[in-house]
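K.L.:
Numbering (UniProt numbering), first residue to last: 1 to 293.
#1: Might you give, ordered along the chain, the residues of its own chain that have their beta carbon closer than 7 Å to the beta carbon of residue 90, omitting 5 neighbours on each side?
#2: Helix, strand or coil: how does DSSP classify residue 173 here?
#3: What are the complete beta strand (DSSP E) segments, minimum 3 residues, inside the segment 166-244?
#4: Quick check on the burial criterion: 16 or more other C-beta atoms within 10 angstroms. Buried or exposed for residue 26?
#5: Can you tell which of 164, 11 and 107 has its C-alpha closest to the C-alpha of residue 239?
#6: Using the beta-carbon count (16 or more within 10 Å), is residue 186 buried or exposed?
#7: At which residue ranges does the segment 28-67 contain complete alpha helix (DSSP H) runs of 4 or more residues, listed in the order of the chain?
#8: What's the C-alpha gap between residue 166 and residue 242?
#9: Using the three-state DSSP reduction, which class does residue 4 fall into: helix, strand or coil?
#10: Under the rule that 16 or more other beta-carbon atoms within 10 Å means buried, what is residue 290, buried or exposed?
#11: Verify whether the separation of the beta carbon atoms of residue 168 and residue 253 is less than 8 Å.
#12: By the three-class DSSP mapping on this structure, what secondary structure does residue 265 have?
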């Protein structure tokens, strides 16, 4: 869904010729030149070849296992203009702990994140255990009570469980200007202690008091180098929004973003924006789009 939405939006831009790749086991995006990645074919050589042939690269990949970083480096080495975060911000947001530490140090309300070695003595309550280098709800679980021996696997981190509504922000950052594009309600359930992400409602949350806009701006300032469209996962608690993690690239919400905001999001992003130096108003209109996974 996300791939097809982005391919459609880029294809609609005047003067843009688009090429991408797709897994041979799945269908290519409609109406777009796409190279098939077949079994036995080295995808990294293929991606490097594509990077050499393009002027602008919009990299969409998980930051886990260094994928987003490596693909970005390949594009930069090919002298392509990269739409998206720089290497330093990718390194920060690839780690739940580094992200949390950076946000808290900047005064941004964020969940503290601990490794097994720095877990405060005597801390109690409900905890969320997840991989430090992870994405989505993969291997994310709720632990009740004290963390006993063996609770954490190598590479796991711990966050306190925050009561509230799961949400996300879809944010545009261009030349240090931050714009909240949409505030979304996430559909997250807990089944037998495991978190499951079932989709989201894009544009479901209003920002009447500007708190979410302010939060997005503070996150962007706390992690310099976030560029293009990225996501912020948070919990809306009784005390206000609290950041859980930052996704430095487009997320699932992009699949419904164009319908939710009433315009092509790609037209807002440099170098495709007609006036990339202008200050945009926050464009979320409250239009709701359901994305079910």
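Don't be surprised by glycine CBs; every beta carbon is placed ideally from N, CA and C.
P.N.:
For this structure:
#1: 63, 68, 69, 72 and 248
#2: strand
#3: 177-191, 194-202 and 228-237
#4: exposed
#5: 164
#6: buried
#7: 43-53
#8: 10 Å
#9: helix
#10: exposed
#11: yes
#12: helix
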